[in-house]
Structure formats: structure tokens, C-alpha cells
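Numbering (this note's numbering), first residue to last: 15 to 259.
Given below as C-alpha cells:
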């Protein structure tokens, strides 16, 4: 008797579930559009995450970019960025542009070999060296592409990057176009050693960068931030402040 009642209750429950218009519609919709819902949901989630990151990331009006044989920690990068924030406010006042600091680590082959050689035993990690060498080459390619975006016109680069990217021949502005008298510490007619600037001597945060880092101003590009005359004027002012402060 109890078993019969249980069976009838089960059948009634199934009939109610099947006869419910909403549940029938939901079941049919899920059957036909399950993968569409999953894919759309995925992209909505990705968009929401990216939007949140954009909202939480402080806006930068212009960038100074470093590329050389030193990998900055996040804390060190923020410390250097604060130096440029102070420099920007001294140059432009309280309505100064917000200067970001971008980095592209690049090692010479000699620097890489040193990194992958045990200083005590002299053992050389060839596998790690070859892997790092490929990553190193990829970063240099990425830097070259970034240079062509026109998003930056003030560069702090190692002599190796300066030569590899042929900045002198391609995009660097001659010192004679920027200064009446070539500043002390000129590396050549296009670049100045960062270590010879008063700014470098003043701020300990900058001294994590190699002293032979070169300060280079590049020409405005056809697109990106430097294509805007007002923004490019800000780049030039920051460049002069780095060299003359």
C-alpha cells in the first residue's frame, strides 16, 4: 500500500515537472543553446575581469620605458615610477601628466652566460641558458614592436639595446636638436648616460638601473601618444628634466 502511494507520488511529481511550461521551456532552451550560453558566459566573465582591472589601474598620460640587463621587481618599478611622478610635478606643476614606467628586460649573451654559470663551481646550465636566450630574443622583438606603436618617446636603454634596435639610425633625436650645448655624459651625438645625470645621483631608486643606461628621446610617431603634439611636448619636457635636473 505504502509502496503504491510512493509510486503515485513519484509519477505525480514527474507529471508536474513535465507539465510546468517554464521548466519545459528551460529544458528545451538548455538542450538547444547550452554551448552558446557557456561560450557567452565565458566571454562575459573575461570582459568583467578586464574591465575591473582597467578601472583599478591608475591612468597614465605618458610612459618612460627601460630596457636593459636588469629585471626590476614590482616594488622597484613602483619606486622608479614615483621618481618620475615627482619629476613631472616639478616640471609641470600640480596638473602634471601622470608618468608610467614600463620595462623590457634584455640581457647580452655575456650577461646571460654569467646568470647561468654557478659562481662557486663554474658549472654552466646550458639548457637554462638556451631557454632564457630564446625568451630574451622574444622580449627584444616585443620591444621593437612597442617602439613602433608611438606610445613612448623617452627611453632608458642599455648600450646593447641601443645598438640592437639601431635607435641612432632609425628614431633617436640628435642632442643638437634638444640642447644648445651637448650635456656632460653624452654617449654619442644621440644619447646621454643616465649615471652622469644629477637625477641619477639624487634618487637612490634610480640607482638600481645600471649607470651606463642611456637616455634617448625618439621622434614623434604617426600613431600612438607621441603623434599628439601636446603629449609629445610633454615627452620632450620630461626628457629635458631627466637630463638637466
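Even for Gly, the Cβ is constructed at its ideal location relative to N, Cα and C.
Query                                                                                                                                                                  : Result
Could you check whether residue 76 and residue 122 sit closer than 8 Å to each other, using their CB atoms as the reference points?                                    : no
Our contact map puts residue 119 next to residue 93 with C-beta atoms below 8 Å; I'd like the distance itself, whole angstroms only.                                   : With a Cβ gap of about 17 Å, residue 119 and residue 93 do not count as contacting.
Taking the beta carbon of residue 248 as the centre, do at least 16 other beta carbons fall within 10 Å, making it buried, or is it exposed?                           : buried
Nearest by alpha-carbon distance to residue 82: which of 239, 74, 226, 73 is it?                                                                                       : 226
Assign residue 212 to buried or exposed, taking buried as 16 or more other Cβ atoms, counted over all protein chains shown, within 10 Å of its Cβ.                     : exposed
Quick one, which of 224, 203, 131 has its alpha-carbon nearest residue 210's?                                                                                          : 224
Tell me where the beta strand (DSSP E) around residue 77 begins and ends.                                                                                              : 76-81
Which partner residues does residue 228 have in the DSSP bridge list?                                                                                                  : 171, 207
Exposed or buried, what is residue 141 when buried is set at 16 or more other beta-carbons lying within 10 Å of its beta-carbon?                                       : exposed
Terminal residues of the continuous beta strand (DSSP E) containing residue 117?                                                                                       : 113-117
DSSP state of residue 138, grouped into three classes?                                                                                                                 : strand
Give the list of continuous alpha helix (DSSP H) stretches no shorter than 4 residues that lie fully inside the region 145-200.                                        : 173-178, 181-184, 189-192
May I ask which residues mark the beginning and end of the alpha helix (DSSP H) holding residue 101?                                                                   : 88-106
Where does residue 122 sit, in a helix, a strand or coil, going by DSSP?                                                                                               : coil
Looking at the secondary structure, which residues open and close the alpha helix (DSSP H) in which residue 251 lies?                                                  : 243-258
Distance, Cα to Cα, residue 78 vs residue 113?                                                                                                                         : 7 Å
Compute the beta-carbon to beta-carbon distance between residue 189 and residue 177, rounded to the nearest angstrom, for a pair I have assumed lies under 8 Å.        : About 17 Å separates the two Cβ atoms, so there is no contact after all.
Smallest Cα separation from residue 205: which of 219, 215, 183, 220?                                                                                                  : 183
Take residue 147 and list the residues in its own chain whose beta-carbon comes closer than 8 Å to its own, dropping the five residues that flank it on each side.     : 123, 126
Tell me the rounded alpha-carbon separation between residue 169 and residue 131.                                                                                       : 30 Å
Between 139, 145, 115, 165, which has its C-alpha nearest residue 238's C-alpha?                                                                                       : 165
With a Cβ-Cβ cutoff of 8 Å, do residue 231 and residue 192 count as a contact?                                                                                         : yes
Quick check on the burial criterion: 16 or more other C-beta atoms within 10 angstroms. Buried or exposed for residue 138?                                             : exposed
Count the other CB atoms, across all protein chains shown, that sit within 10 Å of the CB of residue 180; report buried if there are 16 or more and exposed otherwise. : exposed
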